[in-house]
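Protein chains in written order, with my numbering: chain B, 8 to 226; chain Y, 8 to 226. Since the structure comes first, as structure tokens, the remarks are kept for the end.
Number of protein chains: 2
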Amino acid sequence: MSDETTPTTPLSGTPSPAASAASPRAPKLETLLAAAATTFATRGYSGTSMRDIAHDSGISLSGIYYYTRGKSSLLYEIQSRTIDALIASAAQALSTVTKPADQLLQFVENHISYSNDHPAFVRVLSHETAPDGTDERREAVELKRHEYVKVLRDILDRVRQEYAAPVPTSFAADMLFAMMSGPRQWGVSDTELNVGIASRLIYDLFVHGFTGGAAATRP
Amino acid sequence: MSDETTPTTPLSGTPSPAASAASPRAPKLETLLAAAATTFATRGYSGTSMRDIAHDSGISLSGIYYYTRGKSSLLYEIQSRTIDALIASAAQALSTVTKPADQLLQFVENHISYSNDHPAFVRVLSHETAPDGTDERREAVELKRHEYVKVLRDILDRVRQEYAAPVPTSFAADMLFAMMSGPRQWGVSDTELNVGIASRLIYDLFVHGFTGGAAATRP
DNA sequence: GCTTCTTTAGAACAAGCGTTCGATGGTACG
DNA sequence: CGTACCATCGAACGCTTGTTCTAAAGAAGC
Numbered sequence: 008m009s010d011e012t013t014p015t016t017p018l019s020g021t022p023s024p025a026a027s028a029a030s031p032r033a034p035k036l037e038t039l040l041a042a043a044a045t046t047f048a049t050r051g052y053s054g055t056s057m058r059d060i061a062h063d064s065g066i067s068l069s070g071i072y073y074y075t076r077g078k079s080s081l082l083y084e085i086q087s088r089t090i091d092a093l094i095a096s097a098a099q100a101l102s103t104v105t106k107p108a109d110q111l112l113q114f115v116e117n118h119i120s121y122s123n124d125h126p127a128f129v130r131v132l133s134h135e136t137a138p139d140g141t142d143e144r145r146e147a148v149e150l151k152r153h154e155y156v157k158v159l160r161d162i163l164d165r166v167r168q169e170y171a172a173p174v175p176t177s178f179a180a181d182m183l184f185a186m187m188s189g190p191r192q193w194g195v196s197d198t199e200l201n202v203g204i205a206s207r208l209i210y211d212l213f214v215h216g217f218t219g220g221a222a223a224t225r226p
Numbered sequence: 008m009s010d011e012t013t014p015t016t017p018l019s020g021t022p023s024p025a026a027s028a029a030s031p032r033a034p035k036l037e038t039l040l041a042a043a044a045t046t047f048a049t050r051g052y053s054g055t056s057m058r059d060i061a062h063d064s065g066i067s068l069s070g071i072y073y074y075t076r077g078k079s080s081l082l083y084e085i086q087s088r089t090i091d092a093l094i095a096s097a098a099q100a101l102s103t104v105t106k107p108a109d110q111l112l113q114f115v116e117n118h119i120s121y122s123n124d125h126p127a128f129v130r131v132l133s134h135e136t137a138p139d140g141t142d143e144r145r146e147a148v149e150l151k152r153h154e155y156v157k158v159l160r161d162i163l164d165r166v167r168q169e170y171a172a173p174v175p176t177s178f179a180a181d182m183l184f185a186m187m188s189g190p191r192q193w194g195v196s197d198t199e200l201n202v203g204i205a206s207r208l209i210y211d212l213f214v215h216g217f218t219g220g221a222a223a224t225r226p
């Protein structure tokens, strides 16, 4: 059911999104995907031409089609591998802690850390969507995205129960994802923060609020 | 310095982003901008063709050029008018209250309400950017966007002082904007919420946190 | 050296792009 | 009726798009 030239394995646990089954042409495919991801991330999917990708990857225009089926397949492969890696990475990170609040912090740290390591891939996953594809491939990505969201929702459900949180879980999950995907917009404060510090800030802001638990006066 | 066919007035206080100086061709320009905004919002700027806009607006392809200079001018006009209207609307909303916390709620309510009334315009403002324009027009929009952000930052500064909030202002502002621009991503909970309720939820989540001020235990 | 398979890329393709031109019908006014 | 201006649009322009075709260089085995 894979659409690529090379059948892709689930890449169990591998952190890099551009790592798949061992194949003679796999390494260059990864170079290609990495170049495509950065270009998609900066110019947007529609704003990126295959010639742009050819230039950025160092592969000739027609050479690209030896490694991939076409433009939309590139996008799909990037998104698919990224969400797979994100899910696997989160699962591994969560296996080390049990307390709901700790799991939440762990989830945030994992997401921020992964976004910091592979910014283009995560940005393409969360901001781009293929216009042409009538495909079921888009639905496949959407399905896995929901799976990833559900991981967070389940954590939030447990946190919510523990602290009798008044905010609906799914709404809170969306807001937390918005925060974590936030940069590159609006004020764009020079967030060259350490991953750990940034994660902690987001976690604290999300859990305790801007006032930090003080001023808990609710009208 | 205006780039449109018709010189645009600052539209002082008018809530609709597509309302400018009185001109014989103003009304159709507004129709055009509204159509362009919705199309840009759904397909993205690069993914939208002038023929798409012609089809969606009911104006012929060449007819569009009677009302605007070209594609990038359409984007600029949409963004410029929207940020102008947003600033004016916020200023008016804030004039009714003085307490920092109240002003914050007022700002959030105003932004959410405006986004609810003109979703396409706000989305184009916050998510799209012209690739072609070497222009200073983009910088002009960016300048006004910063002006709008500064309004929020100043409010947050006062709130921060009052409650000794531990989170940096600019960082918090970015996070709040991310929350307010959040929908249409990730889990996408069916947020057909009432504007007032949604604003309140975001305000509470931002100020008091997910746990609502409970569990203010900070390691 | 010959054959076979993999990898590369230049050239060309039809389709779509943003934009311009020239012409046309419609009012308004003398 | 005639003239001037406003609004509109079909047709065409040159260029870029995603994709394919065809050929050739390199590696491997005999």
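Heads up, the beta-carbon is just placed ideally off N, CA and C, and yes, glycines get one too. Nothing here was measured: the structure is a model prediction, and the numbers come from that model.
Bounding residues of the alpha helix (DSSP H) (the contiguous stretch that carries residue i)
i	result
Ala-172 (chain Y)	First-last for Ala-172 (chain Y): undefined, no H or E at that position.
Lys-78 (chain Y)	78–101
Val-214 (chain Y)	202–215
His-62 (chain B)	57–64
Arg-130 (chain B)	126–134
Thr-45 (chain Y)	33–50
Gly-70 (chain B)	68–74
Whole-number beta carbon distance between residue j and residue i, since they are thought to touch under 8 Å
i	j	result
Met-186 (chain Y)	Phe-213 (chain Y)	7 Å
Arg-130 (chain B)	Ala-48 (chain B)	4 Å
Tyr-83 (chain B)	Leu-39 (chain B)	That pair is no contact at about 14 Å.
Ala-127 (chain Y)	Leu-159 (chain Y)	With 8 Å as the limit, Ala-127 (chain Y) and Leu-159 (chain Y) do not qualify as a contact, their Cβ atoms being about 22 Å apart.
Leu-93 (chain B)	Tyr-155 (chain B)	6 Å
Pro-138 (chain B)	Gly-219 (chain Y)	Contact flag wrong, Cβ pair sits at about 41 Å.
Phe-178 (chain B)	Leu-208 (chain Y)	6 Å
Val-166 (chain Y)	Pro-107 (chain Y)	4 Å
Buried or exposed by the 16-neighbour rule on C-beta atoms within 10 Å, applied to residue i
i	result
Gly-65 (chain B)	exposed
Lys-78 (chain B)	buried
Arg-152 (chain B)	buried
Gln-168 (chain Y)	exposed
Trp-193 (chain Y)	Low confidence applies to Trp-193 (chain Y): its pLDDT is 49, below 50, so where it sits in the model is not reliable enough to give any reading.
Glu-146 (chain Y)	exposed
Pro-14 (chain Y)	A caution first: Pro-14 (chain Y) carries a pLDDT of 39, below 50, which makes its placement in the model unreliable, though a value can still be read off. It counts as exposed.
Arg-88 (chain Y)	buried
Ser-188 (chain Y)	buried
Ala-171 (chain Y)	exposed
Arg-144 (chain B)	buried
Same chain, Cβ closer than 6 Å to residue i, neighbours up to 5 away in sequence not counted
i	result
Tyr-210 (chain B)	Leu-112 and Val-115
Leu-36 (chain B)	Tyr-74
Thr-45 (chain B)	Ala-127
Cβ-based neighbour list, residue i, same chain, cut-off 8 Å, excluding 5 preceding and 5 following
i	result
Thr-141 (chain Y)	none
Gln-86 (chain B)	Val-131, Leu-132, Glu-135 and Val-148
Met-57 (chain Y)	Leu-68, Ile-71 and Lys-78
Thr-176 (chain B)	Arg-160, Leu-163, Asp-164 and Arg-167
Proximal residues to residue i (C-beta, below 7 Å), its chain only, five neighbours per side dropped
i	result
Gln-110 (chain B)	Leu-101, Val-104 and Ile-162
Ala-61 (chain B)	Ser-67, Leu-68 and Ile-71
Val-202 (chain B)	Ile-119, Ser-120 and Asn-123
Ala-42 (chain Y)	Ile-60, Asp-63 and Ser-64
Val-195 (chain B)	At Val-195 (chain B) the pLDDT is 47, less than 50, meaning the model places this residue with poor confidence; the figure from the coordinates comes in the next sentence. Hits under 7 Å: none found.
Residue i: CB within 7 Å of a non-hydrogen atom of the ligand ATP
i	result
Leu-81 (chain Y)	The ligand ATP is absent from the structure shown, which contains no ligand whatsoever.
(message) Counting only Cβ-Cβ distances shorter than 7 Å, please list the residues of the segment 50–66 of chain Y near chain B, keeping chain order.
(response) Shown in chain order are the members of the segment 50–66 of chain Y whose Cβ falls below 7 Å from a Cβ of chain B: Arg-50, Gly-51, Ser-53 and Gly-54.
(message) Beta carbons nearer than 9 Å to chain B: which residues of the segment 113–134 of chain Y have them?
(response) Those residues of the segment 113–134 of chain Y that come within reach of chain B (Cβ to Cβ, closer than 9 Å) are Ser-133 and His-134.
(request) Residues of the segment 158–170 of chain B with a CB closer than 9 Å to any CB of chain Y: list them in chain order, please. (result) Under the 9 Å Cβ criterion, the segment 158–170 of chain B contributes Leu-159, Arg-160, Leu-163, Val-166, Arg-167, Glu-169 and Tyr-170.
(message) Short of 8 Å Cβ to Cβ, which residues in the segment 205–218 of chain B face chain Y?
(response) Answer set for the segment 205–218 of chain B: Leu-208, Ile-209, Asp-211, Leu-212, Phe-213, Val-214, His-215, Gly-216, Phe-217 and Thr-218.
(request) Would you list, in chain order, the members of the segment 66–82 of chain Y that have their beta-carbon closer than 9 Å to a beta-carbon of chain B? (result) Those residues of the segment 66–82 of chain Y that come within reach of chain B (Cβ to Cβ, closer than 9 Å) do not exist; the list is empty.
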